[in-house]
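In the working numbering, the protein residues as written are 390 to 631.
Written as structure tokens, this is what we have:
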């Protein structure tokens, strides 16, 4: 059985591996201390997709978990009991900047940029879920900041940066399938899984005690709490999805 330990070297290798598909491609080893040391990682967004991202990093030191919904993050709290718990990523950075090496960002799209730029400006390596940002300006600003800081970065394009997809691309490039003249792709994800373009929900709903709605809204225009937004279906609304 292969050793599943994720070293700093393999972290950087994996970060650079998918860079061709990412908008955020700069990778540098300047700020990495040593190949055999474990990274201290903070997870920003610890429920939903954050669970998968943090589980991928479980061989490292998960030192902080951030989520505005501590009920949804319970599984990761139990999985990493030694990690400090936060609702506000800014408080986490204020208290732990000198204790972390890297962050994973698995928040709704509208809240990717702000924790990412804070991490980069703090010289922390960043793994951020797709789509990278809510606007083109945010993507360009992050790219410039990453170049300046020299930190390792990766966007979570797991589907198209997997070994299978890379192998398939090599088969096509090698001409093994001949000239490809036409391709067909079908998906039901926008209708069944990632709903798109829905009308803004109406009605007054009390905010559950386990959710900090102000922090969830973050930099977006204020919208009253509605269970149609959280969890997951926020992607159907431009205020929060991309």
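Don't be surprised by glycine CBs; every beta carbon is placed ideally from N, CA and C.
Since we're looking at a predicted model, the values are computed, not measured.
For residue i, the nearest candidate out of the options (CA to CA)
| i | options | result |
| --- | --- | --- |
| residue 599 | 592, 514, 619 and 585 | 619 |
| residue 601 | 588, 589, 626 and 615 | 615 |
| residue 489 | 473, 502, 495 and 500 | 473 |
| residue 591 | 604, 442 and 613 | 613 |
| residue 605 | 501, 585 and 530 | 501 |
Outcome for residue i when other beta-carbon atoms lying within 10 angstroms are tallied against a minimum of 16
| i | result |
| --- | --- |
| residue 439 | buried |
| residue 497 | buried |
| residue 514 | buried |
| residue 574 | exposed |
| residue 569 | exposed |
| residue 611 | exposed |
| residue 415 | Because the pLDDT at residue 415 is just 33, under 50, the model does not fix this residue reliably, and the value given afterwards should be weighed accordingly. The residue in question, residue 415, is buried, as its Cβ has 16 or more Cβ neighbours within 10 Å. |
| residue 381 | Since the first residue shown for the chain is 390 and the last is 631, residue 381 is missing from the structure and cannot be characterised. |
| residue 564 | exposed |
| residue 593 | exposed |
Residue range of the alpha helix (DSSP H) that includes residue i
| i | result |
| --- | --- |
| residue 466 | 463–468 |
| residue 554 | 552–562 |
| residue 603 | 602–606 |
Expected contact under 8 Å - CB spacing of residue i and residue j to nearest Å
| i | j | result |
| --- | --- | --- |
| residue 504 | residue 433 | 5 Å |
| residue 509 | residue 491 | Not confirmed; about 11 Å, so no contact. |
| residue 493 | residue 430 | 7 Å |
| residue 512 | residue 480 | No, residue 512 and residue 480 are not in contact; Cβ-Cβ is about 19 Å, not under 8 Å. |
Range of the contiguous beta strand (DSSP E) that encloses residue i
| i | result |
| --- | --- |
| residue 569 | Premise fails: residue 569 is in no beta strand (DSSP E) and is neither H nor E. |
| residue 518 | 514–518 |
| residue 431 | 429–433 |
| residue 524 | Counting along the chain, residue 524 falls outside any beta strand (DSSP E), and DSSP gives it neither H nor E. |
| residue 500 | Here residue 500 belongs to no beta strand (DSSP E), and DSSP marks it neither H nor E. |
| residue 542 | 542–545 |
Every unbroken alpha helix (DSSP H) inside the segment 439–494 [4 residues or more]: 463–468 and 478–485
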